[in-house]
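As numbered in my numbering, the sequence shown has no gaps in its residue numbers, which increase by one up to the final residue, 175.
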Amino acid sequence: MDTSTVICPGSFDPVTLGHIDIIKRASKMFDKVIVAVLVNMSKTPSFTTQERIAFLETTLADIPNVEIVGFSGLLADYAKERGAKAVVKGLRAMSDFEYEFQMALTNKKLNPELDTVFLTSDSQYMYLSSSMVKQIASLGGDISFFVPASIHAQVCERLKNNRN
Ligand code: ADP
């Protein structure tokens with residue numbers, strides 16, 4: 012048996028249509044996609060781990076080969092534990108490149124079997140980030156172009172409280 016399992020790691024704080032675009036593309040290319048939600052982030056997230064996971068579950072419910080998990084520790088070790096052969100990451104503008112290149116090489120050093128595959132999302136999501144979504148929502152702007160419709164109301168409701 013040689014099934015191809017890959018991991019899509021991220022903070023997903025909250026998940027955006029850019030993330031979903033990348034995860035869906037990966038689910039068509041590989042047998043199984045593990046979406047690993049970072050539990051221990053350097054920056055305190057706006058949404059709890061449970062909320063971030065629940066948003067992904069709601070949005071990706073119709074894709075059978077996607078599994079969503081909370082994750083802490085070293086990605087290189089977790090990939091080995093789960094038998095994943097690659098990490099899949101989305102690359103936006105050039106600004107992502109330096110950091111992602113460093114992460115990819117570090118992960119390969121820690122786990123020489125682990126490759127990183129970079130995908131590009133649809134161009135309409137090229138400049139979309141979770142922090143931009145939060146900023147727009149906190150200023151009362153419309154985020155319906157940026158987050159999945161199925162979680163839009165919940166995300167707005169939570170972010171409304173961040174307005175002052
Ligand atoms: P963010 O930078 O939005 O907070 P995450 O840390 O959750 O995102 O990112 C997880 C992965 O998803 C990263 O590889 C990131 O480059 C990718 N990603 C995030 N938004 C997009 C997008 N709009 N298009 C392509 N890839 C994206």
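For glycine and all other residues, C-beta sits at the position ideal for the given N, C-alpha and C. Since the structure is predicted, the reported quantities are computational estimates derived from the model, not experimental observations.
Tell me whether F23 counts as near the ligand ADP, meaning its Cβ is closer than 7 Å to at least one heavy atom of that ligand.
yes
Is it a yes or a no for the region 143–161 touching the region 110–124, going by three-plus beta-carbon pairs under 8 Å?
no
Cut-off 8 Å between Cβ atoms - residues of its own chain near L85, not counting five sequence neighbours on either side:
L121.
State the DSSP-derived secondary structure class of L130, mapped to helix, strand or coil.
Correct three-state label for L130: strand.
Just to check my reading of the structure: K43 and T16 have Cβ atoms closer than 8 Å, yes? What is that Cβ distance to the nearest angstrom?
4 Å
Count the other CB atoms within 10 Å of the CB of P20; is the residue buried (16 or more) or exposed (fewer)?
buried
Using a Cβ-Cβ cut-off of 6 Å (strictly less than) and excluding sequence neighbours within five positions of F129, which residues of its own chain qualify?
Around F129: K100, L102.
Where does I18 sit, in a helix, a strand or coil, going by DSSP?
strand
Give the straight-line distance between the Cα atoms of S83 and I33, rounded to the nearest whole angstrom.
When rounded, the distance between both Cα atoms is 22 Å.
Consult DSSP for F23 and reduce its assignment to one of helix, strand or coil.
coil
Just curious, the beta strand (DSSP E) that E124 is in, first and last residue?
From DSSP, E124 is part of no beta strand (DSSP E); its letter is neither H nor E.
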